[in-house]
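To start, the structure itself, in structure tokens.
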Amino acid sequence: MTFDISYNARIRKSPFFDCTVADGVKAFTTYNQMLMPAHYGDPEGEYWRLIDGVSMWDVSVERQAQISGPDAARMTQLLVPRDVSKIRIGQGRYAPISDAQGRLLNDPVLLKLDHDRYWLSLADSNIWLWARGVAYGLGLDVEITEPDVSPLAIQGPKSFDVTASIFGDWVRSLAYFAFHETVIAGIPVVVARSGWSHQGGFEIYLKDGTRGKDLWNLVKEAGQPFDIGPGTPTTVERVESGLLSYGTDTRPDTNGLELGLGKFINLDMEPDFVGKSALRRIRDEGIARRRTGLFIDGERLPTAEEHWPVLADGEQVGVCTIAVFSLRLQRNIAIAIIENTVPDSASYSVETPDGTREATETPLPFCTPGRV
Numbered sequence: 175m176t177f178d179i180s181y182n183a184r185i186r187k188s189p190f191f192d193c194t195v196a197d198g199v200k201a202f203t204t205y206n207q208m209l210m211p212a213h214y215g216d217p218e219g220e221y222w223r224l225i226d227g228v229s230m231w232d233v234s235v236e237r238q239a240q241i242s243g244p245d246a247a248r249m250t251q252l253l254v255p256r257d258v259s260k261i262r263i264g265q266g267r268y269a270p271i272s273d274a275q276g277r278l279l280n281d282p283v284l285l286k287l288d289h290d291r292y293w294l295s296l297a298d299s300n301i302w303l304w305a306r307g308v309a310y311g312l313g314l315d316v317e318i319t320e321p322d323v324s325p326l327a328i329q330g331p332k333s334f335d336v337t338a339s340i341f342g343d344w345v346r347s348l349a350y351f352a353f354h355e356t357v358i359a360g361i362p363v364v365v366a367r368s369g370w371s372h373q374g375g376f377e378i379y380l381k382d383g384t385r386g387k388d389l390w391n392l393v394k395e396a397g398q399p400f401d402i403g404p405g406t407p408t409t410v411e412r413v414e415s416g417l418l419s420y421g422t423d424t425r426p427d428t429n430g431l432e433l434g435l436g437k438f439i440n441l442d443m444e445p446d447f448v449g450k451s452a453l454r455r456i457r458d459e460g461i462a463r464r465r466t467g468l469f470i471d472g473e474r475l476p477t478a479e480e481h482w483p484v485l486a487d488g489e490q491v492g493v494c495t496i497a498v499f500s501l502r503l504q505r506n507i508a509i510a511i512i513e514n515t516v517p518d519s520a521s522y523s524v525e526t527p528d529g530t531r532e533a534t535e536t537p538l539p540f541c542t543p544g545r546v
């Protein structure tokens, strides 16, 4: 079943919108009050292009919350569970943001552009309002704004060759989440080693929304020798890779520790941040749930559009937050949140639209980069 999208000022278009239409986009979703391409008519072909080659994605929906001003470092530190003083200019960090009860609000990448200017490259929730409230409540001298910044991703094993052909071989030496501000063909950008896949790649943060067509065509032309094509963040690949999707893999009461994000949440550092004491208490009392993988038996299932109940010995103990048919493993796989009290001997099952299926727990990720 298909539906038309009603365009209006509340749901914004990206600087690359016209280019995605010209290149054959067939479906959109919404994310951060913007239109985001969902596929170009061949989701399976786009998946294999990501696994084997190189794909370009309009991910302008990864909006930036910019924190700037005299108290920018202090403000940023209050939001993120990483020691901001130890992050160098030009470095990024994955930085889950929590509320005072430890509940996950967003899982952005933090970029340190200067000692008094930071970006939070956001998942799908409104952190501008949260951050402004924190700043106001504490009387901090900061501005929290949404700058004119729109990421374009280049992903896949050949992304290094494409990106190096545009900017130079220095991009190959960028550490993960590191970035560099530069200009290409008069277009101001930030080049970051990042992206929402495990196949490797870069995100080019366009800093002038009037140059969207120019940057899109520049990347498209540079990628022709490598058979680049348009694509989108791929649900099957992200599940195979165990990547977290805020809003899909989370509920309003979900905390970062049960999602397996403990290595990105420094509860023992000296600086304080919102949610630190609550997360310490959760850690010390014992994490109640865990994010894990499941193999689901039987014939190919449709991609889950809602959370499916997970049962252990007939009693519900959690939910599958997403389930897909793995193209590399050729079997049904799912990411689930289940209670930690379930005994190791329990027999799992999942209530699917096609009936109850037996399931087996397995660690994440399901796949490493590349073909199996």
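In terms of the working numbering, the sequence shown opens at residue 175 and continues consecutively.
Just so it is clear, CB atoms sit at the ideal spot from N, CA and C, and this is done for glycine as well.
Spatial distance of residue i from residue j (CA atoms)
{"i": "PRO537", "j": "ASP423", "result": "16 Å"}
{"i": "LEU348", "j": "PHE376", "result": "10 Å"}
{"i": "ILE512", "j": "ARG464", "result": "6 Å"}
{"i": "ALA247", "j": "ILE241", "result": "8 Å"}
{"i": "SER500", "j": "ALA478", "result": "13 Å"}
{"i": "GLY198", "j": "GLU220", "result": "13 Å"}
{"i": "GLU459", "j": "ALA452", "result": "11 Å"}
{"i": "ILE439", "j": "ALA196", "result": "42 Å"}
{"i": "ARG346", "j": "ALA338", "result": "7 Å"}
{"i": "VAL258", "j": "ASP471", "result": "45 Å"}
{"i": "VAL228", "j": "SER333", "result": "5 Å"}
{"i": "LEU389", "j": "ILE263", "result": "25 Å"}
{"i": "ASN300", "j": "TYR310", "result": "16 Å"}
{"i": "LYS394", "j": "ILE340", "result": "11 Å"}
{"i": "ASP427", "j": "LEU253", "result": "18 Å"}
{"i": "MET443", "j": "GLU473", "result": "48 Å"}
{"i": "ASP401", "j": "VAL336", "result": "10 Å"}
{"i": "VAL316", "j": "GLU489", "result": "50 Å"}
DSSP three-state assignment for residue i, whether helix, strand or coil
{"i": "PHE400", "result": "helix"}
{"i": "CYS193", "result": "helix"}
{"i": "GLU432", "result": "coil"}
{"i": "ALA246", "result": "helix"}
{"i": "SER324", "result": "strand"}
{"i": "LEU279", "result": "strand"}
{"i": "SER500", "result": "strand"}
{"i": "THR536", "result": "strand"}
{"i": "PHE438", "result": "helix"}
{"i": "GLN251", "result": "helix"}
{"i": "ALA305", "result": "helix"}
{"i": "TYR181", "result": "coil"}
{"i": "ASP388", "result": "helix"}
{"i": "THR515", "result": "coil"}
Assigned exposure category for residue i - 16 Cβ within 10 Å defines buried
{"i": "ASN182", "result": "exposed"}
{"i": "ARG455", "result": "exposed"}
{"i": "GLY403", "result": "buried"}
{"i": "VAL546", "result": "exposed"}
{"i": "LYS260", "result": "exposed"}
{"i": "GLY307", "result": "exposed"}
{"i": "TYR350", "result": "exposed"}
{"i": "THR406", "result": "buried"}
{"i": "ALA486", "result": "buried"}
{"i": "PRO399", "result": "exposed"}
{"i": "GLN238", "result": "buried"}
Beta-carbon proximity of residue i to residue j, cut-off 7 Å
{"i": "ALA510", "j": "SER523", "result": "no"}
{"i": "ARG186", "j": "MET208", "result": "yes"}
{"i": "ASP232", "j": "THR194", "result": "yes"}
{"i": "SER272", "j": "GLY449", "result": "yes"}
{"i": "PHE353", "j": "LEU418", "result": "no"}
{"i": "MET296", "j": "PRO282", "result": "As written in the sequence, residue 296 is Leu, which differs from the Met given in the question. It is a contact, given that the beta carbons lie within the stated cut-off."}
{"i": "VAL503", "j": "GLN373", "result": "The amino acid at residue 503 is misidentified as Val; the sequence shows Leu. Cβ atoms of LEU503 and GLN373: not closer than 7 Å."}
{"i": "GLU480", "j": "ILE461", "result": "no"}
{"i": "GLU355", "j": "THR466", "result": "no"}
{"i": "ASP226", "j": "LEU314", "result": "no"}
{"i": "LEU326", "j": "ILE358", "result": "no"}
{"i": "LEU475", "j": "THR526", "result": "yes"}
{"i": "ARG214", "j": "THR250", "result": "Note on identity: in this sequence residue 214 is Tyr, with Arg being the wrong assignment. Cβ distance not < 7 Å, so TYR214 and THR250 don't count as in contact."}
{"i": "SER324", "j": "SER519", "result": "no"}
Completely contained beta strand (DSSP E) runs for the stretch 199-226, where each covers 3 or more residues: 201-205 and 208-213, all fully within the stretch 199-226.
Complete runs of the beta strand (DSSP E) confined to the stretch 332-376 [at least 3 residues]: Annotation: the stretch 332-376 contains the following complete segments of the beta strand (DSSP E) (minimum length 3 residues), in chain order: 353-358 and 361-366.
Every unbroken beta strand (DSSP E) inside the stretch 444-485 [3 residues or more]: Runs of the beta strand (DSSP E) inside the stretch 444-485: 463-470.
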